[in-house]
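Asker:
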Amino acid sequence: MKYIDEFRDKALARRLAETIAAEAHPGRDYRLMEFCGGHTHAIFRYGVQHLMPPNLRFIHGPGCPVCVLPMARIDHAIALATQHDVTLCTYGDLMRVPASERKSLLKAKAEGADIRMIYSTQDVLRIARENPDRQVVFFAIGFETTTPPTAVALKSARAEGLTNFSVFCNHVLTPSALQTILSTAGPDGVQLDGILGPSHVSTLIGSRPYRFVAEQFGVPVVIAGFEPLDVMQSALMLVRQLNEGRCEVENQYTRAVSEEGNRKAQALIDEVFRIRPEFEWRGLGFLPNSALALADAYADLDAEQRFPVEIAPAKEIKGCECPAILRGVKTPTDCKLFGKPCTPDNPMGSCMVSSEGACAAYWSYGRFRASSAQPQAASRL
Amino acid sequence: MTSDRRFPVRLDLEKGAVDMSHGSGGRAMAQLIGELFQRYLDHELLILGNDQALFTPPPGRMVMSTDGHVISPLFFPGGDIGSLAVHGTINDVAMSGARPLYLAAGFILEEGFPLGDLARIVASMARAANAAGVPVVTGDTKVVERGKGDGVFITTTGIGVVPEGILISGDRAEPGDVILVSGSMGDHGVAILSKRENLGFETEIRSDSAALHELVATMIAAVPDIHCLRDPTRGGLATTLNELAHQSGVGMQIREDAIPVRAEVAAACELLGLDPLYVANEGKLVAVCPRDQAERLVETMHGHALGAESAIIGEVVEDPHRFVQMETGFGGSRIVDWLAGEQLPRIC
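Okay, here's the thing in structure tokens:
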């Protein structure tokens with residue numbers, strides 16, 4: 001696959017691994033948080049951790065939109081489908097996220113709710129057009145990256161006069177989450193030496209919004225692409241910043257990210273959305289200015305306003321360590337539920353659902369290492 | 001076909017549709033069978049019109065397998081539900097090393113389903129069965145109300161005879177054995193995805209749907225001591241290897257670089273966030289054989305059209321965890337787990 005295989009080259013990986021091993025000082029730790037679930041997935045799928053020296057450790061961050069969605073929002077979505085008999089459209093990963101009372105969208109669908117899995121916001125518009133007698137609600141989630149398609153769908157619906165389309169908005173913003181993690185870091189929280197910053201998010205908002213990480217918190221950032229060589233090169237850039245005592249926002253993902261970001265998309269988002277005063281994140285609590293709602297001009301397409309629901313307070317599953325795992329304080333194997341009974345087939349916490357979730361990645365790609373074998377690849381280098 | 005006095009008005013294969021009377025057991029059903037099913041499926045045992053097929057089995061051990069087909073869409077690049085229902089069951093029979101003999105087919109039709117589409121499907125089924133030399137010798141038709149089915153579901157059952165001296169079973173993989181695949185992985189699943197109405201991308205990928213019994217016959221003729229054969233359908237190669245590892249109580253070590261995947265399939269999977277190792281195949285097999293027979297087996301497979309891209313992808317190892325592990329193309333190592341949840345519903 002052209003333009004993909006180049007970023008997964010074995011020989012280059014070996015050379016990068018050798019350079020990192022040579023430059024990392026054996027006397028210190030390099031605790032690098034990869035913010036995004038996409039990074040977590042790449043690290044596990046390609047076995048990147050095992051190409052690193054033992055004192056360089058990846059700490060998995062909260063950057064998986066499915067994982068950070070609080071249970072109350074899934075309960076809310078189920079209520080939309082069951083209390084108002086709407087057609088609820090959502091991305092596949094959300095279907096299996098546990099809700100209160102061991103429910104999920106998948107189970108609600110099996111019980112008769114009209115819940116459909118879609119691949120794109122265009123599918124939702126098509127369903128709305130083809131079913132004029134049904135109210136069609138798009139369960140929108142994701143970080144900054146996924147907001148422009150939702151914005152475009154809202155604008156299209158408005159332009160077409162689609163009155164049976166609305167959006168249940170759960171878009172969240174990364175800088176606020178990062179701020180929270182860093183302000184609780186330290187002896188009682190997560191201990192971090194550097195951050196692999198979100199890159200697809202940065203194609204939109206640019207690298208500038210992450211300056212506060214370096215300036216306020218003294219933690220270096222490298223905006224890192226999602227291919228395994230991107231992750232390794234970014235790790236090397238962080239090692240060098242730390243070794244040289246620098247603390248900057250560097251951009252490894254220059255083929256897509258600029259300092260300014262995508263101005264046109266930013267304007268679109270400003271037009272269609274407004275910033276919520278606060279929003280609940282699973283594991284991080286209610287964070288100020290951390291999510292989007294529809295702007296007043298689009299309030300009539302806001303499913304939360306169009307279909308009021310009654311839901312009981314969410315009931316978290318006892319023993320589930322997703323909150324601490326999302327903050328980077330614990331690893332999946334610290335959780336008593338991990339692997340028994342919580343597995344991707346029977347997820348009890350959100351981090352076990354999405355392939356970008358730390359627990360699912362641990363289980364699917366690395367579970368044998370946790371119990372037995374030593375990394376094989378590292379020994380070959 | 002000669003005209004039948006019972007049915008003065010012929011079935012309208014252009015505009016007609018299935019209605020409830022076609023499953024009634026009465027005259028309308030007899031007409032559907034006579035004018036549509038038997039027009040294409042014309043084996044003498046079926047034409048005879050009994051509720052069962054009577055035949056004398058050849059000597060030897062017999063195998064029997066059944067498979068329900070609920071694929072959506074019904075027609076896809078490289079096949080349709082009719083050809084798939086023939087290939088799927090022939091392959092399940094053949095994975096024992098058996099020579100498939102006969103098929104039975106059960107149809108569940110939804111009220112309102114166009115007769116023209118049904119005729120296309122039955123014709124395709126007949127072509128696939130003829131080409132494979134495995135006739136449909138008995139069948140059944142039921143009709144359900146509109147909204148209670150999805151066009152047509154087909155269940156096929158096959159029987160076959162296993163040659164003397166052949167013992168192929170999922171529990172026979174031994175440490176040291178070699179693992180082979182007969183060609184590129186993921187073609188069927190991606191072909192289906194490309195035609196799903198809610199996925200608007202066009203690709204040149206065709207389903208690999210094919211009957212593998214002749215390939216199997218050449219394989220066991222060359223290497224009678226093949227330990228395991230399985231067709232990696234739902235759940236793909238990853239799931240099949242996990243099944244074999246579990247059944248045999250062994251581990252498996254495979255190399256990502258050695259697994260054939262078409263560039264178009266890899267690209268489509270990349271786009272959709274799928275892993276080709278978990279995507280369904282309908283015309284491929286996985287074989288496990290003793291190490292000293294592996295070269296001979298792969299050469300034999302290369303000599304057959306359906307095995308031209310065969311490759312050795314790894315080996316069976318001792319492992320109490322029964323894990324399938326893979327050396328990634330990137331140089332790392334990871335576990336290849338069972339498929340969790342449902343990657344692509346209704347793929348076959």
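In the order they appear, the protein sequences are chains Y and P.
In terms of the UniProt record's numbering, the first sequence is residues 1 to 381.
In terms of the UniProt record's numbering, the second sequence is residues 1 to 348.
Think of the CB as a built atom: it goes at the ideal place given N, C-alpha and C, for glycine as much as any other residue.
Note that the coordinates shown come from a computational prediction; the quantities given were computed from them, not determined experimentally.
If we call anything under 8 Å between Cβ atoms a contact, is P198/Y one with G63/Y?
Answerer: Yes, they are a contact pair.
Asker: Using 8 Å as the Cβ pair cut-off and three pairs as the minimum, do the stretch 231-248 of chain P and the stretch 101-115 of chain P touch?
Answerer: In short, these stretches do not touch, since the Cβ pair count stays below three.
Asker: Could you tell me the alpha carbon to alpha carbon distance between M33/Y and V222/Y, rounded to whole angstroms?
Answerer: Approximately 11 Å, taken between the alpha carbons.
Asker: What separation, rounded to the nearest whole angstrom, lies between the Cα atoms of V63/P and L154/Y?
Answerer: Computed Cα separation, rounded: 57 Å.
Asker: Are the CB atoms of L80/Y and F307/Y nearer to each other than 8 Å?
Answerer: Yes, the pair counts as a contact, with Cβ atoms nearer than the cut-off.
Asker: Can you tell me whether DSSP reads G307/P as helix, strand or coil?
Answerer: In this structure, G307/P counts as helix in the three-state DSSP scheme.
Asker: With hydrogens ignored, establish whether the beta-carbon of E356/Y is closer than 7 Å to any heavy atom of the ligand SAH.
Answerer: Absent from the structure shown: the ligand SAH. Ligands present: none.
Asker: Just to confirm my understanding: we take H39/Y, look at its own chain, exclude 5 residues before and 5 after, and list those with CB closer than 7 Å. What are they?
Answerer: The residues are L196, A224, F226 and V231.
Asker: Taking 8 Å as the cut-off, does the stretch 265-275 of chain Y touch the stretch 290-299 of chain Y (at least 3 CB pairs, one atom from each stretch)?
Answerer: These segments touch.
Asker: Who are the Cβ neighbours of G319/Y in its own chain at under 8 Å, not counting the five residues just before and after it?
Answerer: Counting only Cβ-Cβ distances below 8 Å, and skipping sequence neighbours, we find C335, K336 and L337.
Asker: Look up E6/Y in the DSSP assignment and say whether it is helix, strand or coil.
Answerer: In this structure, E6/Y counts as helix in the three-state DSSP scheme.
Asker: Looking at the C-beta of A377/Y, does it have a partner C-beta in chain P at a distance below 8 Å?
Answerer: Only weak support exists for where A377/Y lies, its pLDDT of 32 falling under 50; the value from the coordinates is given anyway. Yes - at least one Cβ of chain P is within 8 Å of the one on A377/Y.
Asker: State the Cα-Cα distance for the pair R120/P and S72/P, rounded to the nearest angstrom.
Answerer: Roughly 16 Å between the two C-alpha positions.
Asker: Where are the beta strand (DSSP E) runs, 3 residues long or more, that stay fully inside the stretch 271-338 of chain P, in chain order?
Answerer: List check, beta strand (DSSP E) in window: 286-289, 311-317, 324-327 and 333-335.
Asker: Would you kindly report the start and end of the unbroken beta strand (DSSP E) that includes P62/Y?
Answerer: L56 to G63 is the extent of the beta strand (DSSP E) around P62/Y.
Asker: Tell me which same chain residues have a C-beta within less than 6 Å of the C-beta of E35/P, skipping the five on either side of it?
Answerer: Taken in chain order, the residues that qualify are L11.
Asker: Which class does C247/Y belong to by DSSP, given the choice of helix, strand or coil?
Answerer: C247/Y: coil per DSSP, three-state reduction.
Asker: Quick check: is the beta carbon of H50/Y nearer than 8 Å to any beta carbon in chain P?
Answerer: Chain P contact via Cβ: present.
Asker: Using a threshold of 8 Å, state whether the C-beta atoms of V190/P and Q293/P are closer than that.
Answerer: Going by C-beta atoms, V190/P is not nearer than 8 Å to Q293/P.
Asker: Give the range of the beta strand (DSSP E) segment to which V137/Y is assigned.
Answerer: V137/Y -> beta strand (DSSP E) spans V136 to G142.
Asker: Return the residues of the stretch 320-333 of chain P that lie within a Cβ-Cβ distance of less than 8 Å from chain Y, sorted by chain order.
Answerer: Per Cβ criterion, the list reads H321, F323, Q325, E327, T328, G329, F330, G331, G332 and S333.
Asker: Over what stretch of residues does the alpha helix (DSSP H) that includes L32/P continue unbroken?
Answerer: Start and end: R27 to L32.
Asker: Let me see if you follow: with CB-CB separation under 8 Å, is I335/P close to chain Y or not?
Answerer: Yes, I335/P lies at the interface with chain Y (some Cβ there is under 8 Å from its Cβ).
Asker: Against chain P, does K10/Y count as a neighbour if the rule is that its beta carbon must be under 8 Å from one of theirs?
Answerer: Judged by the 8 Å Cβ criterion, K10/Y is in contact with chain P.
Asker: Near G249/P, which residues of its chain fall below 7 Å by C-beta distance, leaving aside the five closest residues on each side in sequence?
Answerer: Only R322 meet the Cβ criterion.
Asker: Could you name each continuous alpha helix (DSSP H) segment of 4 residues or more that falls completely within the stretch 254-307 of chain Y, going from the start of the chain to the end?
Answerer: With a minimum length of 4 residues, the continuous alpha helix (DSSP H) runs that stay inside the stretch 254-307 of chain Y are 263-272 and 303-306.
Asker: Do the stretch 175-183 of chain P and the stretch 110-126 of chain P meet, that is, are 3 or more Cβ pairs less than 8 Å apart?
Answerer: Result no; under three Cβ-Cβ pairs closer than 8 Å.
Asker: Could you list the residues in the stretch 168-179 of chain P with a C-beta less than 9 Å from some C-beta on chain Y, going in chain order?
Answerer: Answer set for the stretch 168-179 of chain P: empty.
Asker: Mind checking if E270/P is an interface residue toward chain Y, Cβ cutoff 8 Å exclusive?
Answerer: Yes, E270/P lies at the interface with chain Y (some Cβ there is under 8 Å from its Cβ).
Asker: Is there a Cβ of chain P sitting closer than 8 Å to that of I4/Y, yes or no?
Answerer: Interface residue, yes.
Asker: When you compare each of S166/Y, V239/Y and V68/Y to A324/Y by their alpha carbons, which one comes out closest?
Answerer: Ranking the options by Cα distance to A324/Y, first place goes to V68/Y.
Asker: Rounded to the nearest angstrom, what separates K284/P and E6/Y at their Cα positions?
Answerer: So the two alpha carbons sit approximately 29 Å from each other.
Asker: Does H227/P pass the burial test, meaning 16 or more other C-beta atoms within 10 Å, or should it be called exposed?
Answerer: Buried, by the Cβ-count rule.
Asker: Near P175/P, which residues of its chain fall below 7 Å by C-beta distance, leaving aside the five closest residues on each side in sequence?
Answerer: Excluding sequence neighbours, P175/P sits near V250, V316, V317 and E318.
Asker: Who are the neighbours of A266/P on chain Y, taking C-beta pairs under 7 Å?
Answerer: Within chain Y, the residues near A266/P are M1.
Asker: Please report whether the beta-carbon of A263/P lies at a distance below 8 Å from any beta-carbon of chain Y.
Answerer: Chain Y contact via Cβ: present.
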